[in-house]
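Here is the structure we will look at, set down as structure tokens.
Number of protein chains: 2
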Amino acid sequence: MGKEKPDLVYGTLDMLILKALQHDPRHGLGIADRIQQMSKDILHVEQGSLYPALYRLEAQGWIKAEWGVSDNNRRARYYKLTAAGRRQLAAEQEHWSRITKGIDFVLSKA
Amino acid sequence: MGKEKPDLVYGTLDMLILKALQHDPRHGLGIADRIQQMSKDILHVEQGSLYPALYRLEAQGWIKAEWGVSDNNRRARYYKLTAAGRRQLAAEQEHWSRITKGIDFVLSKA
DNA sequence: TTGGAAACCTAGACAGTCTGGGTAACAAAC
DNA sequence: GTTTGTTACCCAGACTGTCTAGGTTTCCAA
């Protein structure tokens, strides 16, 4: 009943998507599934967050899209990481680890 | 030049404020200073984020305000944690650690 | 008496997420 | 061969939290 907190941290989705594409290209729902799986089912990505994020990332030139066919024989848009995307991923990880370190300093005060 | 990433993670401010009030009451700017200091200067809280957050927290009944006088002899609004606020802090820390664990699972994949 | 700093406050813009819709295409069941 | 379910994509609108950029009042020091 209570309003549950989201299972995502605002502002981290772009980073997670880039990470999910690190090795192979994937289509939208495949990316969401992969994030959920990699996070051991802790994180969950809604479609209404996913697609806007993908457009953002594509507009920034961090991923590139191409139409293809999914395992289930349906048309699907495959995204793959660009070189700039790789750099961006590194930068975002860097930033994330820095800030979470700050938060953890605060939280760990007795 | 480049648009710097914020030195705060969206959605964590409430938790940080509650944490900063854990032991003693403090006034607004004092809370911001304390967060910055506890985080070893990694985090920084803007006034335009701080005050709205304080009203939110007060409206939720997690903190309680009282007018007082600051060290510098200026009038200041001192906030202190309520019992509900303490519970809330615990819940938010729990949630934070759960979600960041998920994110770290994702990021740590080779 | 002017200036700076401490402390508070607010409006408006903005970004990212979520809810809740929707379409199209294929597969399987009947 | 039509219905039903699933996969995959898409979008509008609401909402939340943060930031920018203003502002006021009060105190202290030059």
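Heads up: the protein sequence lines correspond to chains S and X, in order.
For the first sequence, counting from 1, position 7 maps to 7 in this note's numbering; every step adds exactly one.
For the second sequence, counting from 1, position 87 maps to 87 in this note's numbering; every step adds exactly one.
Yeah, the Cβ is synthetic: ideal placement off N, Cα and C, and Gly gets one too.
Because the structure is a prediction, the values reported are computed rather than measured.
Per-residue DSSP class, three states only, for residue i
{"i": "X:LEU18", "result": "helix"}
{"i": "X:TYR79", "result": "strand"}
{"i": "S:GLY68", "result": "strand"}
{"i": "S:ILE63", "result": "strand"}
{"i": "X:ARG74", "result": "coil"}
{"i": "S:LEU13", "result": "helix"}
{"i": "X:LEU54", "result": "helix"}
{"i": "S:GLY2", "result": "Only weak support is given to the placement of S:GLY2: the predicted model assigns it a pLDDT of 39, under 50, and the value that follows is read from those uncertain coordinates. In the structure shown, S:GLY2 sits in coil (DSSP, three-state: anything other than H, G, I, E or B)."}
Cβ separation of residue i and residue j, assumed to be a contact under 8 Å, to the nearest whole Å
{"i": "X:VAL9", "j": "S:VAL45", "result": "So it is not a contact: roughly 18 Å between Cβ atoms."}
{"i": "X:SER39", "j": "S:PHE105", "result": "5 Å"}
{"i": "S:GLY28", "j": "S:TYR55", "result": "At roughly 11 Å, the Cβ-Cβ gap does not stay under 8 Å, so S:GLY28 and S:TYR55 are not in contact."}
{"i": "S:TYR79", "j": "S:ALA90", "result": "That belief does not hold up - the Cβ atoms of S:TYR79 and S:ALA90 are roughly 18 Å apart, past 8 Å."}
{"i": "S:LEU21", "j": "S:GLN88", "result": "11 Å between Cβ atoms; not a contact."}
{"i": "X:GLU93", "j": "S:LEU107", "result": "Note that residue 93 of chain X is Gln in the sequence shown, not Glu. Indeed, because the Cβ distance is near 6 Å, the residues count as touching under 8 Å."}
{"i": "X:VAL69", "j": "X:ARG77", "result": "Rounded, the Cβ-Cβ distance is 11 Å, inconsistent with contact."}
Cβ-Cβ distance between residue i and residue j below 7 Å
{"i": "X:ILE42", "j": "X:LEU16", "result": "no"}
{"i": "S:TRP67", "j": "S:GLY85", "result": "no"}
{"i": "X:THR82", "j": "S:ILE103", "result": "no"}
{"i": "X:ALA53", "j": "X:ASP7", "result": "no"}
Residue i, enclosing alpha helix (DSSP H) - first and last residue
{"i": "S:VAL106", "result": "83-108"}
{"i": "S:LEU29", "result": "28-38"}
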